[in-house]
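> One structure is given below, represented as structure tokens, and several questions about it will come after.
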Amino acid sequence: MNDYKPKIKAVTLDLWETLLLEWDGANEQRTLIRCRNLARALSKFGVQISIDQLISALKAMSPWLLSVWEKNREVTHLDQIRFIVEAATDGSVSLKEEWLNELSSAYVSATF
Numbered sequence: 011m012n013d014y015k016p017k018i019k020a021v022t023l024d025l026w027e028t029l030l031l032e033w034d035g036a037n038e039q040r041t042l043i044r045c046r047n048l049a050r051a052l053s054k055f056g057v058q059i060s061i062d063q064l065i066s067a068l069k070a071m072s073p074w075l076l077s078v079w080e081k082n083r084e085v086t087h088l089d090q091i092r093f094i095v096e097a098a099t100d101g102s103v104s105l106k107e108e109w110l111n112e113l114s115s116a117y118v119s120a121t122f
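Under this note's numbering, the first residue of the sequence shown is numbered 11, with each subsequent residue one higher.
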């Protein structure tokens with residue numbers, strides 16, 4: 011008889027919208043702040059995208075995220091930024107590597 015029991019080394023929990031639900035409209039506020047910040051950062055690089063276009067693209071991201079997560083894959087916030095910009099511009103804007111730090115700060119500053 012095999013008495014080997016694997017040791018659990020770590021446990022992760024997906025808190026957002028799983029264990030912690032927002033009822034106070036914080037998600038909409040965060041979306042607006044995030045999109046304003048992205049529009050401002052992109053304009054520094056000569057890319058003009060309206061806040062409404064960014065909001066639409068961010069909302070369109072949910073089905074994509076679900077399809078990736080169903081495959082047990084991760085999506086970084088940089089992947090999310092790429093998706094949003096591509097969706098908001100119909101693929102006409104290619105992000106440059108040197109933009110990513112600024113865009114990253116703009117995207118995450120709504121939550122941290």
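Here a beta-carbon is modelled for each residue, glycine too, at the ideal position from N, C-alpha and C.
Identify every run of the alpha helix (DSSP H) within the stretch 84-117, keeping only runs that are complete inside it and at least 4 residues long; order them along the chain.
You should have 87-98.
> Grab me the residues of A98's own chain with a C-beta within less than 6 angstroms of its C-beta, minus the 5 sequence neighbours each way, in chain order.
Same-chain partners within the cutoff: I59, Q63, L64 and A67.
> Starting from I18, trace the alpha helix (DSSP H) both ways and give me its first and last residue.
Per DSSP, I18 belongs to no alpha helix (DSSP H) and is neither H nor E.
> If you draw a straight line from the alpha carbon of C45 to that of P16, how long is it in whole angstroms?
Roughly 45 angstroms separates the two Cα atoms.
> Taking the alpha helix (DSSP H) that D62 falls in, what are its first and last residues?
I61 to W79 is the span of the alpha helix (DSSP H), which, as asked, contains D62.
> Are the beta-carbon atoms of A51 and A116 separated by less than 9 angstroms?
It is a contact, given that the beta carbons lie within the stated cut-off.
> Check L23 in the structure and name its three-state DSSP category.
The answer is coil: DSSP assigns L23 none of H, G, I, E or B.
> Whole angstroms are fine: how far does the CA of I61 sit from the CA of L75?
If you take the alpha carbons of L75 and I61, they lie about 21 angstroms apart.
> Give me the Cβ distance between I91 and S114, rounded to the nearest whole Å; I'm assuming they're in contact under 8 angstroms.
With a Cβ gap of about 7 angstroms, I91 and S114 count as contacting.
> So is V21 buried or exposed if we call it buried at 16+ other beta carbons inside 10 Å?
Burial call: exposed.
> Please report the straight-line C-alpha distance between L23 and V57, rounded to a whole angstrom.
Whole-angstrom Cα-Cα distance: 37 angstroms.
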